[in-house]
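Per the numbering used here, the very first residue in the sequence shown carries number 1; after that it's consecutive.
Glycine is no exception: its CB is placed at the ideal position from the N, C-alpha and C atoms.
Fair warning: this is a prediction, and the values are worked out from it, not measured in the lab.
Data first, discussion second: the structure below is written as structure tokens.
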Amino acid sequence: MSLPPGRTIALSPARKYMCDMLRASRKIPLVAVERHCRLGEVVAARDRLAARPSWFALFLKGWALVSARRPELRRAYLSFPWPRLHEHACNVASLAVARRVGDEDAVMSLQIRHPEQRSLADIDDLIRRSRTDPVERFGDFRRARRLGRMPWPLRRFFWWLGLEVSGRLRLQNAGTFGVTGVAALGSASLHLLSPLTTTITFGVFAADGTVPVRLFYDHRVLDGVQPAEALRDLEDTLCGPIREEVAGGAPRVVAA
């Protein structure tokens, strides 16, 4: 009995963008460090709110506050015209957003500038809109689709130019740190590829509010002690100023 034939599916601009990003990331020596953060008080404060901000918003702003205090987290490795480190003067977060684009599911990168200066409500509103509003409303999404439509030599050139040559171009096109994860689906990312110096991901919360938080970092820029200390600072930041901002939100009304 003969086997049924399959079909050829052309790569969409979104899929080409993802393939190019992975190609640019695979040469980076990423190392992971994990910390089980005790966030029970943050969970309780968030549960009391009428409109609860997403955990992506909390972790994104928390890591931005840590990075604002620790300049080594804002550094990036540049290879051309000579190997060096560039220290960015500000934070630009890059959030992986899963959404429907045309007739396929795609992952797009949403850049959020100066996240440590924004309110949680503002960050959360931007994240929610990025998942539902038309793709054309977001410059980051439009740029990714334009890049995905270019011939592969041009795509590879622009990826190289944006990541390896200029700190300013790298800041504009890639950001300073990434946030991703699939905890909402009950899973955790154990390994990833990223062109960024640091990328934060978190797993599923335990009943006592403990959650595994994993930091992937570029070993050319950071050594093990710095990321471990930064994760400790992240836990303190989430339980400190982030919890206080969450606690200041409008409480949920309980029916009598």
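Quick one: Cα of residue i to Cα of residue j, how far?
i, j, result
"Ile-112", "Ser-2", "53 Å"
"Val-92", "Gly-102", "28 Å"
"Leu-65", "Pro-115", "8 Å"
"Arg-84", "Leu-49", "46 Å"
"Phe-138", "Tyr-17", "16 Å"
"Trp-152", "Glu-164", "18 Å"
"Phe-56", "Leu-154", "33 Å"
For residue i, is the classification buried or exposed, using 16 other Cβ atoms within 10 angstroms of its Cβ as the cut-off for buried?
i, result
"Ala-96", "buried"
"Gly-248", "exposed"
"Thr-8", "exposed"
"Arg-74", "buried"
"Glu-229", "exposed"
"Thr-197", "buried"
Is residue i helix, strand or coil by DSSP?
i, result
"Ala-256", "With a pLDDT of only 45 at Ala-256, under 50, the local geometry of the prediction cannot be trusted, and the value read off the model is given with reservation. Correct three-state label for Ala-256: coil."
"Phe-177", "strand"
"Pro-153", "helix"
"Asp-140", "helix"
"Pro-212", "strand"
"Val-204", "coil"
"Ala-45", "helix"
"Arg-7", "coil"
Thinking just about the alpha-carbon of each residue, which of the options is nearest to the one in residue i?
i, options, result
"Ser-194", "Ala-24, Gly-224, Ala-144", "Ala-24"
"Leu-30", "Trp-63, Arg-220, Arg-156, Pro-151", "Arg-220"
"Ala-51", "Ala-121, Ala-228, Tyr-217", "Ala-121"
"Gly-240", "Gly-62, Leu-185, Asp-20", "Gly-62"
"Ser-130", "Arg-149, Ser-119, Met-108, Arg-118", "Met-108"
"Val-204", "Thr-197, His-86, Thr-198, Val-213", "Val-213"
With residue i as the anchor, note down where its alpha helix (DSSP H) starts and where it stops.
i, result
"Ile-127", "120 to 132"
"Asp-236", "225 to 237"
"Ala-106", "Premise fails: Ala-106 lies in the beta strand (DSSP E), 104 to 113, not in any alpha helix (DSSP H)."
"Ala-32", "No alpha helix (DSSP H) contains Ala-32, which is instead part of the beta strand (DSSP E) from 30 to 38."
What are the boundary residues of the beta strand (DSSP E) that residue i is part of?
i, result
"Met-21", "Segment 13 to 25 is the alpha helix (DSSP H) holding Met-21; no beta strand (DSSP E) there."
"Glu-72", "It is not in any beta strand (DSSP E) - Glu-72 carries neither H nor E in the DSSP assignment."
"Arg-100", "92 to 101"
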